[in-house]
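Protein chains in written order, with full-length UniProt numbering: chain P, 1 to 530; chain G, 1 to 343.
Notes follow once the structure below has been shown.
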Amino acid sequence: MSHGSVSNAPVSRDTAPRAFLELRGIHKRFGGVHALRGVGFSIVPGEAYHLLGENGCGKSTVIKIMSGAHAPDEGEIVLEGRSFRALNPIQSLAAGIETVYQDLSLLPNLTVAENVALNEQLVAHGGRLARLFDRGRLRRTAEAALEVVGLPAAPAYLSAIVSDLPLAQRQLVAIARAIATKAKMVIMDEPTTSLTRREVDNLIAVVERLRSEGVAVLFVTHKLDECYRIGGHAIVFRDGQCVGQGPLANYTKHQLTEMMTGRHIDGARYRTGAPLAEELFAAEGLALPPSLGRVSFSLRRGEILGITGLADSGRNELATAIAGVTPAAEGAIRIDGKVQRIGHPAQAIRLGIGYVPEDRLGEGLFLDKSIFENEIALVVQDLANAVGVVDRAKGRALADKISKDMRLNTGNIDLPVGALSGGNQQRVLIGRWLSILPKLLVLHGPTVGVDVGSKDTIYKVIQQLAEAGMGLVIVSDDLPELLQNCDRILVMSNGRIVAECDAARATEEQLYQAMLASRPQPSASPETLS
Amino acid sequence: MSTTSPTDVAALPVAPRRPLLELVRRRPEVITFVLLVAICVAVAIANPAFLQPSSLIDIGRASVVMGLFALGVFIILAAGGIDVSFTAIAAFTMYSLTLLVKNHFPDAPMALIVLAAVIGGAGLGVVNGLLVHYLRVPSLIVTIGTQYLFRGILLAFIGTVWIMSLPPQMGAFGRMPLLQFDAADGRTITLPFYFLVLPIAALVTWWMLNRTLMGRAIFAVGGNASVAERLGYNLRTIHIFLFAYAGGLAGLAGIIHTCANRQANPFDLVGSEINVIAAVVLGGARITGGTGSVLGTLLGVLLVVVVNSVLVMVGIPSTWQRVVVGGFILLAAAFFVFSQKKT
Numbered sequence: 001m002s003h004g005s006v007s008n009a010p011v012s013r014d015t016a017p018r019a020f021l022e023l024r025g026i027h028k029r030f031g032g033v034h035a036l037r038g039v040g041f042s043i044v045p046g047e048a049y050h051l052l053g054e055n056g057c058g059k060s061t062v063i064k065i066m067s068g069a070h071a072p073d074e075g076e077i078v079l080e081g082r083s084f085r086a087l088n089p090i091q092s093l094a095a096g097i098e099t100v101y102q103d104l105s106l107l108p109n110l111t112v113a114e115n116v117a118l119n120e121q122l123v124a125h126g127g128r129l130a131r132l133f134d135r136g137r138l139r140r141t142a143e144a145a146l147e148v149v150g151l152p153a154a155p156a157y158l159s160a161i162v163s164d165l166p167l168a169q170r171q172l173v174a175i176a177r178a179i180a181t182k183a184k185m186v187i188m189d190e191p192t193t194s195l196t197r198r199e200v201d202n203l204i205a206v207v208e209r210l211r212s213e214g215v216a217v218l219f220v221t222h223k224l225d226e227c228y229r230i231g232g233h234a235i236v237f238r239d240g241q242c243v244g245q246g247p248l249a250n251y252t253k254h255q256l257t258e259m260m261t262g263r264h265i266d267g268a269r270y271r272t273g274a275p276l277a278e279e280l281f282a283a284e285g286l287a288l289p290p291s292l293g294r295v296s297f298s299l300r301r302g303e304i305l306g307i308t309g310l311a312d313s314g315r316n317e318l319a320t321a322i323a324g325v326t327p328a329a330e331g332a333i334r335i336d337g338k339v340q341r342i343g344h345p346a347q348a349i350r351l352g353i354g355y356v357p358e359d360r361l362g363e364g365l366f367l368d369k370s371i372f373e374n375e376i377a378l379v380v381q382d383l384a385n386a387v388g389v390v391d392r393a394k395g396r397a398l399a400d401k402i403s404k405d406m407r408l409n410t411g412n413i414d415l416p417v418g419a420l421s422g423g424n425q426q427r428v429l430i431g432r433w434l435s436i437l438p439k440l441l442v443l444h445g446p447t448v449g450v451d452v453g454s455k456d457t458i459y460k461v462i463q464q465l466a467e468a469g470m471g472l473v474i475v476s477d478d479l480p481e482l483l484q485n486c487d488r489i490l491v492m493s494n495g496r497i498v499a500e501c502d503a504a505r506a507t508e509e510q511l512y513q514a515m516l517a518s519r520p521q522p523s524a525s526p527e528t529l530s
Numbered sequence: 001m002s003t004t005s006p007t008d009v010a011a012l013p014v015a016p017r018r019p020l021l022e023l024v025r026r027r028p029e030v031i032t033f034v035l036l037v038a039i040c041v042a043v044a045i046a047n048p049a050f051l052q053p054s055s056l057i058d059i060g061r062a063s064v065v066m067g068l069f070a071l072g073v074f075i076i077l078a079a080g081g082i083d084v085s086f087t088a089i090a091a092f093t094m095y096s097l098t099l100l101v102k103n104h105f106p107d108a109p110m111a112l113i114v115l116a117a118v119i120g121g122a123g124l125g126v127v128n129g130l131l132v133h134y135l136r137v138p139s140l141i142v143t144i145g146t147q148y149l150f151r152g153i154l155l156a157f158i159g160t161v162w163i164m165s166l167p168p169q170m171g172a173f174g175r176m177p178l179l180q181f182d183a184a185d186g187r188t189i190t191l192p193f194y195f196l197v198l199p200i201a202a203l204v205t206w207w208m209l210n211r212t213l214m215g216r217a218i219f220a221v222g223g224n225a226s227v228a229e230r231l232g233y234n235l236r237t238i239h240i241f242l243f244a245y246a247g248g249l250a251g252l253a254g255i256i257h258t259c260a261n262r263q264a265n266p267f268d269l270v271g272s273e274i275n276v277i278a279a280v281v282l283g284g285a286r287i288t289g290g291t292g293s294v295l296g297t298l299l300g301v302l303l304v305v306v307v308n309s310v311l312v313m314v315g316i317p318s319t320w321q322r323v324v325v326g327g328f329i330l331l332a333a334a335f336f337v338f339s340q341k342k343t
């Protein structure tokens with residue numbers, strides 16, 4: 001087992017690109033579910049790969065087989081020329097396969113240095129725990145790895161507790177851990193889901209650096225635009241099979257989407273209707289210092305308004321202020337011509353404002369409750385009679401209708417929501433609001449972590465709601481999503497609206513420039529605000 | 001290498017906004033220490049007799065058994081578990097061992113008896129560890145079960161009779177002085193030799209937690225067990241080691257308890273679990289796991305022992321001790337929650 005260091009020149013490998021890892025004819029069954037049906041691909045050092053496919057296509061299973069968490073039922077794993085039937089986690093780690101899981105798999109109570117570099121010592125000792133813990137080595141390994149990902153290696157940072165760090169930095173800490181164990185291949189499971197555009201740029205730079213040092217990188221992602229920015233190979237899964245692989249440049253976005261879904265999905269604008277003339281909602285000088293400065297805008301009936309900006313631009317605070325989750329300190333809103341103040345979510349609901357939060361698991365859904373119970377959660381009081389007994393038949397009929405309207409892929413409304421895919425969970429959450437038909441629906445990151453097929457369904461539902469006269473606000477950093485669905489897009493920066501554009505004519509580049517334009521750039525201007 | 005520019009991490013969260021609050025958040029045992037000092041000062045003012053060597057030595061002596069228990073509870077808390085069977089392990093080990101020495105090996109040297117207590121306790125701890133690992137049941141449930149089990153076996157099969165006359169070497173060990181002098185009132189005051197066991201056990205535990213991979217693995221498991229497993233930590237090894245270590249400490253505590261009291265009572269010890277867990281929590285270890293320190297644990301033990309033994313000196317009835325300890329726990333909990341929210 002050669003512990004090739006990160007600094008190994010990739011030149012010697014370039015002449016004869018030999019696969020670092022090869023999967024051949026891998027099958028995996030879970031009970032009656034045939035999750036993988038003979039998939040195979042090979043990973044060459046220094047190359048980037050994008051594992052694409054809808055939720056449930058077998059992507060996570062194949063990752064777990066590579067990282068040693070699952071053993072395949074059939075097939076062969078060839079790792080650096082040696083053949084294995086299955087790997088165990090320590091074998092996989094010792095060979096240099098590192099996985100940055102979507103949940104980051106950090107230990108929240110430990111320091112940055114321990115999170116980055118403790119595993120390197122564990123793997124070096126083959127997983128044996130009756131060994132001394134070398135603090136000097138921990139510090140040196142951590143410093144080197146943090147430097148690669150561009151995080152500071154100061155003692156104060158090394159000893160910071162990971163749960164105190166912001167999410168984007170935790171992401172980099174997780175990648176630093178992968179680097180610290182002298183990885184030869186890094187698997188990243190949806191690494192950009194919760195990152196802003198600027199943070200994604202930084203992540204891409206880190207990936208470039210890893211590749212230049214001969215490390216193979218395998219991405220699992222739903223964001224096709226980012227795949228093209230990174231480049232490399234596509235590996236497309238559908239229903240547990242590999243339906244296509246080759247250089248990304250050989251495929252259009254359209255072709256990739258079709259391979260993933262097996263059906264034709266139009267990349268063009270979903271928005272076909274037009275808003276009505278009458279004003280539905282207006283924000284007048286909403287402010288919540290320090291994140292939100294006086295923001296004013298208006299929205300017509302049947303209009304879809306997009307709001308975007310970097311993570312700290314105030315877009316999130318604006319969304320939660322409208323919904324009453326974090327009420328604005330100043331300003332008011334006007335709904336149907338009447339001026340109102342919103343101090344509490346229940347007040348917003350009474351005024352006909354619905355809110356679908358970004359964190360659907362944490363803030364929105366009761367995972368262990370059924371689809372039926374989740375969908376009627378808002379109207380359960382109306383369904384109850386004088387003594388508080390809920391009319392279940394009426395409730396079930398309502399939930400059935402909502403499930404059909406939201407095109408859920410199951411007819412069984414007694415299924416717990418936790419058993420559904422991300423896309424279906426999101427549809428349940430949006431569907432819940434259909435039960436009270438709000439005048440205005442605020443959708444916060446409506447397709448975060450949702451696969452292409454579900455996105456399509458959610459977009460169609462959004463358009464239907466607008467056609468019916470509902471006003472919608474979509475707060476998102478998925479720019480294609482806003483361009484495809486909205487009438488107008490507002491760009492926020494530093495707590496203010498800095499640009500407004502017509503979604504039919506705007507481009508991603510324009511929006512991105514607007515997001516960054518009014519920001520004080522550290523390199524450009526020395527007198528940084530913040 | 002200029003392929004990447006340094007990340008824009010302008011707003012690093014490491015600079016403490018309020019140094020004092022940050023210190024307390026990182027090292028909650030500071031609060032324990034302040035409380036302890038405050039009580040000592042208050043008691044010393046109310047009754048200067050508190051500062052006499054005899055009462056300090058009493059406190060030291062009373063801390064040994066509780067301190068050994070607390071170290072065991074602490075490492076299990078650090079790994080995200082909880083143990084309530086340690087008193088039963090201690091009672092089982094001390095009583096069976098005393099009986100064994102008395103009836104079969106009257107000439108066994110004291111060092112061997114202590115070693116046998118540690119090994120016996122560790123053996124019962126392994127039972128806990130295996131059950132926790134293979135049943136995948138919360139350790140609270142498992143150790144409630146084994147507490148009844150160990151105690152039941154002890155009382156049903158081994159004996160219920162108080163042993164009033166210990167084997168001579170055990171009695172001698174309990175009396176062996178480390179420090180001895182005559183107080184002003186003519187009494188002879190003794191700090192027993194067995195007091196040394198606590199600082200040694202604390203040092204070993206500190207070293208194990210901070211200087212071995214197993215120690216860091218224990219905190220890793222306390223942070224998030226399934227993540228730790230995914231990262232390659234062997235949960236089985238860790239579970240078995242943890243409970244064996246705590247069991248060994250309990251066995252040690254049991255035999256010292258017997259030697260110090262010069263009798264072996266099979267009904268003894270069980271029932272004092274909450275007192276020990278309270279001390280560990282007062283020392284800053286979160287009940288949810290992954291945090292705490294050996295020093296904090298010792299301070300927590302001292303705090304509880306001081307409260308239990310000195311309130312009488314200021315004229316507060318002993319029945320109020322529980323009220324005071326309970327109040328402290330709630331106060332400390334409220335404070336920790338408050339300092340978490342502040343950030």
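Beta carbons: idealized from backbone N, C-alpha and C, even for Gly.
Asked: Excluding sequence positions up to five away, which residues of its chain have a Cβ less than 6 Å from the Cβ of His70(P)?; Found: Lys64
Asked: May I ask you to report which of helix, strand or coil DSSP gives Leu21(G)?; Found: helix
Asked: List the endpoints of the continuous beta strand (DSSP E) containing Gly285(P).; Found: Glu279 to Leu288
Asked: Within this structure, are the beta carbons of Met492(P) and Ile333(P) separated by less than 9 Å?; Found: no
Asked: Is Gly209(P) helix, strand or coil by DSSP?; Found: Residue identity differs from the one stated: residue 209(P) is Arg in this sequence, not Gly. Reduced to three states, the DSSP call for Arg209(P) is helix.
Asked: Quick one, which of Ala216(P), Thr447(P), Ile349(P) and Gly58(P) has its alpha-carbon nearest Val33(P)'s?; Found: Gly58(P)
Asked: Compare the C-beta of Asp487(P) against all C-beta atoms of chain G and say whether one is closer than 9 Å.; Found: no
Asked: How many angstroms separate the CA atom of Gly300(G) from the CA atom of Arg29(P)?; Found: 52 Å
Asked: When you compare the CB of Gly296(G) with every CB in chain P, is at least one pair closer than 9 Å?; Found: no
Asked: Considering just the uninterrupted stretch of the beta strand (DSSP E) at Tyr49(P), what are its terminal residues?; Found: Ala48 to Leu52
Asked: Quickly, what does DSSP pair Gly306(P) with across the bridge? List them, please.; Found: Ile474(P) and Ile489(P)
Asked: Report the three-state DSSP secondary structure of Cys40(G) (helix, strand or coil).; Found: helix
Asked: Can you tell me which of the three DSSP states Ser370(P) falls into?; Found: strand
Asked: Can you give me the C-alpha to C-alpha distance between Glu98(P) and Ala228(G), rounded to a whole angstrom?; Found: 14 Å
Asked: Please report the distance separating the alpha-carbon of Asp477(P) from that of Thr205(G).; Found: 50 Å
Asked: Given a cut-off of 9 Å on the beta-carbon distance, is the pair Thr146(G) and Ala250(G) in contact?; Found: no
Asked: So is Lys404(P) buried or exposed if we call it buried at 16+ other beta carbons inside 10 Å?; Found: exposed
Asked: Hey, would you say Ala160(P) sits closer than 9 Å to Val112(P), going by beta carbons?; Found: yes
Asked: Name the residue from Leu122(P), Val162(P), Ala176(P) and Ile335(P) whose alpha carbon lies nearest to the alpha carbon of Leu146(P).; Found: Ala176(P)
Asked: Can you give, in chain order, each stretch of the alpha helix (DSSP H) that sits fully within the stretch 70-113 of chain P and has at least 4 residues?; Found: 89-94
Asked: Tell whether a beta-carbon distance below 9 Å holds between Ala91(G) and Leu269(G).; Found: yes
Asked: What are the complete alpha helix (DSSP H) segments, minimum 4 residues, inside the stretch 289-365 of chain P?; Found: 315-322 and 345-350
Asked: Please list, in chain order, all residues of the same chain as Gly495(P) whose beta carbon is under 6 Å from its beta carbon, the five residues on each side excluded.; Found: Ser291, Leu292, Gly293 and Gly314
Asked: Taking only three categories from DSSP, how would you classify Thr212(G)?; Found: strand
Asked: So, is Ser20(G) buried or exposed, given that buried needs 16 or more other C-beta atoms within 10 angstroms?; Found: Note on identity: in this sequence residue 20(G) is Leu, with Ser being the wrong assignment. That one is exposed.
Asked: Would you decide whether Ala130(P) is buried or exposed? Buried here means 16 or more other CB atoms lie within 10 Å of its CB.; Found: exposed
Asked: Alpha carbons only, please: which of Asp456(P), Asp382(P), Ile371(P) and Ala124(P) is nearest the one belonging to Arg432(P)?; Found: Ile371(P)
Asked: If you reduce the DSSP assignment to three classes, tell me which class Pro28(G) lands in.; Found: coil
Asked: For a contact meaning CB atoms closer than 7 Å, what does Phe219(G) contact in chain P?; Found: Asn109 and Leu110
Asked: Quick one, which of Ala506(P), Gly309(P), Val356(P) and Leu378(P) has its alpha-carbon nearest Ile462(P)'s?; Found: Val356(P)
Asked: Would you verify that the beta carbon of Tyr233(G) is, or is not, closer than 9 Å to some beta carbon of chain P?; Found: yes
Asked: Out of Ile413(P), Arg271(P) and Met406(P), point me to the one whose CA is closest to Gly302(P)'s CA.; Found: Arg271(P)
Asked: Along the chain, which unbroken stretches of the beta strand (DSSP E) at least 3 residues long are found entirely within the stretch 406-468 of chain P?; Found: 440-444
Asked: Please list, in chain order, the residues of the stretch 113-127 of chain P that have any C-beta partner in chain G closer than 8 Å.; Found: Glu114, Leu118, Asn119, Gln121, Leu122, Val123, His125 and Gly127
Asked: Decide if Phe237(P) is buried, meaning its Cβ has at least 16 other Cβ atoms within 10 Å, or exposed.; Found: buried
Asked: Using a Cβ-Cβ cutoff of less than 7 Å, which residues in the same chain neighbour Met164(G) once the five nearest sequence positions on both sides are dropped?; Found: Gln263
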